[in-house]
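Enquirer: Following the working numbering, the numbering of the sequence shown begins with 1 at its first residue and continues without gaps.
Note that the Cβ used here is the ideal one computed from N, Cα and C, for glycine as well.
Note that the structure is a prediction, hence the values are computed from the model and not measured.
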Amino acid sequence: MNFSIDELTFDEKGLIPAIVQNVNTGKVLMLAYMNKESLQKTIETKTTWFYSRSRQQLWNKGETSGNTQNVKRMSYDCDGDTLLVEVEPMGNACHTGAESCFFNDIDVESKEEPQADREIIDYLYRYIQNRRENPVEGSYTNYLFNKGLDKILKKVGEETTEVIIGAKNRDQEELINEFSDLVYHSIVLMVEQGISVEDIKKELTNRHKERDYEPKREPKSERYE
1 MNFSIDELTF DEKGLIPAIV QNVNTGKVLM LAYMNKESLQ KTIETKTTWF
51 YSRSRQQLWN KGETSGNTQN VKRMSYDCDG DTLLVEVEPM GNACHTGAES
101 CFFNDIDVES KEEPQADREI IDYLYRYIQN RRENPVEGSY TNYLFNKGLD
151 KILKKVGEET TEVIIGAKNR DQEELINEFS DLVYHSIVLM VEQGISVEDI
201 KKELTNRHKE RDYEPKREPK SERYE
């Protein structure tokens, strides 16, 4: 679809709010404002440019800090008065050093039941990675890293078997526990092998673009036909 900046609605000061989101995790990183010039520079350079209301000038995110944002996708809402900018961040978004500017929580959830953390996989990866880089005495994660690849592979194999047994037993609680153990040990293996969560997300994303989520199958031997 051909896009024209004239399709957007800017306010009386010539500005439009831009919500910046991590394209890989979905985490909202910041809210800033663009004018027509900064929007055009963002489109042309594929990095985020904004308009500073306090300094009344354009600024390129990460120009001084190095925490640039590579633009992967842009869209606007039904009224044409708000932008959504999906980026691959090359560092933290907030000037405080936080990953996102939105880190002050307002407690609105019920206390009756804990809520699942939608970013728990990313957190768990960082936690395991930190354990490897900063060992803690008595840590099971460090025990696995100290024992080496063969031990980690053995645990992944054991947990895979436990998942199969849980499924065969039709025991959902057991299966959830065993899947959780398998995910943990798989992430330990990913860290050991230098594979990131983003690598997996990108591969799945590429499969989605190709409309092919299923792994490729080897052709069957003729004797099985």
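With DSSP as the reference, label A98 as helix, strand or coil.
Expert: Coil at A98, not helix or strand.
Enquirer: Which residues share a DSSP beta bridge with I128?
Expert: Answer is none; I128 lacks a bridge partner.
Enquirer: Which partner residues does I106 have in the DSSP bridge list?
Expert: In DSSP, I106 forms no bridge with anything.
Enquirer: Buried or exposed, going by whether 16 or more other CB atoms sit within 10 Å of the CB of I187?
Expert: buried
Enquirer: Ignoring anything shorter than 3 residues or poking outside the region 40-79, list the beta strand (DSSP E) runs there in chain order.
Expert: Runs found: 49-52, 57-60 and 69-76.
Enquirer: Assuming contact is defined by CB atoms lying nearer than 7 Å, are Y51 and S65 in contact in what I supplied?
Expert: no
Enquirer: Terminal residues of the continuous beta strand (DSSP E) containing E86?
Expert: L83 to P89
Enquirer: Expressed to the nearest angstrom, what Euclidean distance is found between the alpha-carbon atoms of N134 and F10?
Expert: 49 Å
Enquirer: Which of the three DSSP states is assigned to V23 in this structure?
Expert: coil
Enquirer: Can you give me the Cβ contacts of M90 inside the same chain, cut-off strictly under 8 Å, excluding the 5 residues immediately before and after it?
Expert: Closer than 8 Å at Cβ, skipping near neighbours: G62, G66, N67, T68, Q69 and N70.
Enquirer: Between the Cα of W59 and the Cα atoms of Q40, K72, L204 and R73, which residue gives the shortest distance?
Expert: Q40
Enquirer: Which residue from K27, V197, A32 and T48 puts its Cα closest to that of L124?
Expert: V197
Enquirer: List the endpoints of the continuous beta strand (DSSP E) containing L175.
Expert: Looking at the DSSP string, L175 is not in any beta strand (DSSP E); the run it does join, the alpha helix (DSSP H), is Q172 to Q193.
Enquirer: Go ahead and pull the three-state DSSP assignment for L204.
Expert: helix
Enquirer: Near K155, which residues of its chain fall below 6 Å by C-beta distance, leaving aside the five closest residues on each side in sequence?
Expert: H185
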